[in-house]
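Data block below; observations after.
Numbering (my numbering), first residue to last: 594 to 771.
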């Protein structure tokens, strides 16, 4: 990340902290077996991540309402990323100068009170942090590391693998009896 990008991200973080002061979220620990709605924010830069998440969702109950947002860090997205009713993809072109997502769909997603929000990112992308922070989800879970301050449940995964992260999250959240 070059100097200008770091500066823009730092200002974006300050703006995010300012916005978060006016947002109130009700924390509710809940397991996957009792959840009725699930939000997912993920790094879509690797097509494999999208496939792994779709495969993982097949193991969840059909009654679980799922909405997912995939962030593609490049400005030009591949044709493989097609948004529909429950999957939305956005690129850096849909972010403002300070890397804050600027989309009506993302705003609606953040205002939706999901039972659980999964943050599936093994690296760090500020737009994913922004969405995850602004989300009003009752319980936020993801990989321990850069997103610790916004998560309620963190998994420490030694290998930097989305597949392993999904496996661990579904295992532990599936066993959570809240």
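Where a beta carbon is used, it is the ideal one built from N, C-alpha and C, also for glycine. Just so we're clear, the structure is a prediction, and the values are computed from it rather than from any experiment.
task: Give the DSSP-derived three-state secondary structure of residue 663 in the structure shown.
output: Mapped onto the chain shown, residue 663 falls at position 70. Reduced to three states, the DSSP call for residue 663 is strand.
Q.
Mapping the DSSP letters down to three states, classify residue 773 as helix, strand or coil.
A. Residue 773 lies beyond the range of the chain shown here (594 to 771); nothing can be said about it.
message = Rounding to the nearest angstrom, what Cα-Cα distance links residue 638 and residue 624 in this structure?
response = Position 45 of the chain shown, counted from the start, is the residue given in the question as residue 638. Position 31 of the chain shown, counted from the start, is the residue given in the question as residue 624. C-alpha separation (whole angstroms): 28 Å.
Between residue 632 and residue 692, which are expected to be in contact by the criterion C-beta below 8 Å, what is the C-beta distance as a whole number of angstroms? Taking the first residue of the chain shown as 1, we reach residue 632 at position 39. Taking the first residue of the chain shown as 1, we reach residue 692 at position 99. Rounded, the Cβ-Cβ distance is 20 Å, inconsistent with contact.
* Report the option in 619, 759 and 600 whose CA atom is closest to the CA atom of residue 651. => Locating residue 651 in the chain shown gives position 58, where the first residue counts as 1. Of 619, 759 and 600, the residue nearest in Cα terms is 759.
Can you list, in chain order, the stretches of the alpha helix (DSSP H) that have 4 or more residues and sit fully within the stretch 704-760? 719-727
Tell me whether the beta-carbon of residue 733 lies closer than 8 Å to the beta-carbon of residue 744.
Along the chain shown, read from residue 1 onward, the residue named residue 733 stands at position 140. Along the chain shown, read from residue 1 onward, the residue named residue 744 stands at position 151. Cβ atoms of residue 733 and residue 744: closer than 8 Å.
One question on the structure: do residue 747 and residue 736 come within less than 8 Å of each other, judged by their Cβ atoms?
Sequence index remark: in the chain shown, residue 747 carries index 154 (1-based). Sequence index remark: in the chain shown, residue 736 carries index 143 (1-based). Against a cut-off of 8 Å, the Cβ pair of residue 736 and residue 747 comes out as a contact.
For residue 623, is the beta carbon positioned less than 7 Å from some heavy atom of the ligand ADP?
Among the components modelled here there is no ligand, and therefore nothing to report on the ligand ADP.
If you run the structure through DSSP and keep just helix, strand and coil, what is residue 676?
-> Numbered from its first residue, the chain shown carries residue 676 at position 83. Residue state, collapsed to three classes: coil.
Does residue 645 pass the burial test, meaning 16 or more other C-beta atoms within 10 Å, or should it be called exposed? For the purposes of this step, residue 645 is taken as the residue at position 52 of the chain shown. Residue 645 comes out buried.
(request) Look up residue 681 in the DSSP assignment and give the residues it is bridged to. (result) In the chain shown, the residue the question calls residue 681 occupies position 88. DSSP output for residue 681 lists 662 as bridge partner(s).
Item checked: Nearest-angstrom Cα separation, counted from residue 764 out to residue 711 -> Here residue 711 refers to the residue found at position 118 when the chain shown is read from its first residue. Here residue 764 refers to the residue found at position 171 when the chain shown is read from its first residue. Distance between the alpha carbons of residue 711 and residue 764 is about 13 Å.
Under 8 Å, do residue 766 and residue 709 count as touching if we go by C-beta distance?
The residue you call residue 766 lines up with position 173 of the chain shown. The residue you call residue 709 lines up with position 116 of the chain shown. The answer is yes: Cβ separation under 8 Å.
**OP:** Could you tell me the distance, in whole angstroms, from the CA atom of residue 649 to the CA atom of residue 643?
**Re:** For the purposes of this step, residue 649 is taken as residue 56 along the chain shown, with counting starting at 1. For the purposes of this step, residue 643 is taken as residue 50 along the chain shown, with counting starting at 1. So the alpha carbons of these two residues sit roughly 10 Å apart.
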